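Residue numbers (UniProt numbering): 1 to 311.
Think of the CB as a built atom: it goes at the ideal place given N, C-alpha and C, for glycine as much as any other residue.
Note that the structure is predicted; figures quoted are calculated from it, not measured.
First the structure, in the form of structure tokens, and then the observations on it.
This is the structure in structure tokens:
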């Protein structure tokens, strides 16, 4: 069978199996690190599981990953060093070679009782109460992941939990909180958590809709005090917002940004965009006529001269 045929047969498992192996190994390591008061190095864990799987592939081994139940048994048995893995492996080999007929009569319920007794101390019931008080969305993710792991299996349960967590992380970024303030005939738009490409279009839409809803269209001041960076998509969104403002006779002023942010705006070559150092300067500039891009410096701070020049 060729490599192409193997990949076609395994399908999505090519990516899922390594991901689950890593996630499971890290989850087990962190759980027992907390319980036994030690730290783990994620990079070391990644290298260990990667090298182990590469070596084992030469002897047609199953994918190597961590086992919560076996780790719990080792923990409860007092194992403290990797030497415990050698003893465990030796006993397993011995059992397979010699003791298999005797183990046949051990009921599965007895084996389950050993695992349950080892794992029961790891169940943190109080976490549910803490999640309920701290963040109900985290509790929602926890419950969904737990239920899916029971119903469809731990592999898909973990994947569903990862996907749900990514959605909960991306949604607030795509719908950033925006503060709107009217002052001196201006609409001051202040994103409270900066701006990234998932939320750039949302900011553009909300700012334009807010000023268009007024009987007299207000000029817009984009307050960038919370911005730490500006990606290409966000820059293009500001450029698009400025173009829409020009069509409706609205002036867009960008103010209160870090020097690096202002340099990026100037590099974007947005024609007729007014850039100010502070909101105070933006209010002063609101009475000026549209013209070439202008830089209004903070007159009270001689050390912070305009870091860009007139285009």
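Straight-line gap, residue i to residue j (C-alpha atoms, nearest Å)
i           : j           : result
residue 60  : residue 147 : 33 Å
residue 142 : residue 160 : 11 Å
residue 221 : residue 208 : 11 Å
residue 214 : residue 193 : 26 Å
residue 310 : residue 264 : Confidence at residue 310 is low in this model, with a pLDDT of 34, below 50, so its placement is unreliable and the value that follows should be read with caution. Their Cα atoms are separated by approximately 14 Å.
residue 3   : residue 178 : 52 Å
residue 55  : residue 91  : 22 Å
residue 231 : residue 237 : 10 Å
residue 185 : residue 224 : 19 Å
residue 150 : residue 10  : 24 Å
residue 365 : residue 37  : Coverage of the chain is limited to positions 1 through 311, which leaves residue 365 absent and any answer about it impossible.
residue 122 : residue 267 : 55 Å
residue 46  : residue 98  : 35 Å
residue 257 : residue 170 : 24 Å
residue 19  : residue 51  : 15 Å
residue 79  : residue 7   : 39 Å
residue 105 : residue 126 : 39 Å
residue 130 : residue 248 : 50 Å
Same chain, Cβ closer than 7 Å to residue i, five either side skipped, listed in chain order
i           : result
residue 313 : An answer regarding residue 313 cannot be provided, because it is not within the stretch 1 to 311 covered by the chain.
residue 234 : 195, 196, 197 and 200
residue 211 : 187, 217, 218, 220 and 250
residue 168 : 137 and 141
residue 39  : 33
residue 63  : 17, 21 and 53
residue 31  : 122
Close-in-space but distant-in-sequence residues of the same chain around residue i (CB under 8 Å, 5 per side omitted)
i           : result
residue 70  : 88
residue 202 : 174, 175 and 176
residue 226 : 190, 191, 192, 193 and 194
residue 132 : 139
Residue environment, residue i, which counts as buried when at least 16 other CB atoms sit within 10 Å
i           : result
residue 5   : exposed
residue 277 : buried
residue 124 : exposed
residue 189 : buried
residue 135 : exposed
residue 261 : buried
residue 14  : exposed
residue 205 : exposed
residue 35  : exposed
residue 111 : exposed
residue 163 : exposed
residue 279 : buried
Rounded distance between the beta-carbons of residue j and residue i, thought under 8 Å
i           : j           : result
residue 83  : residue 49  : Not confirmed; about 19 Å, so no contact.
residue 157 : residue 145 : 6 Å
residue 113 : residue 103 : The Cβ separation is near 15 Å, so there is no contact.
Sheet register partners of residue i (DSSP bridge)
i           : result
residue 283 : Paired residue(s): none; residue 283 is not in a bridge.
residue 194 : 192
residue 187 : 182 and 220
residue 274 : 253
Proximal residues to residue i (C-beta, below 6 Å), its chain only, five neighbours per side dropped
i           : result
residue 270 : 239 and 242
residue 66  : 24, 25 and 28
residue 282 : 221, 253, 255 and 276
residue 68  : 28
residue 229 : none
residue 118 : 72, 73 and 76
residue 115 : 69
residue 165 : 141
residue 181 : 188
residue 93  : none
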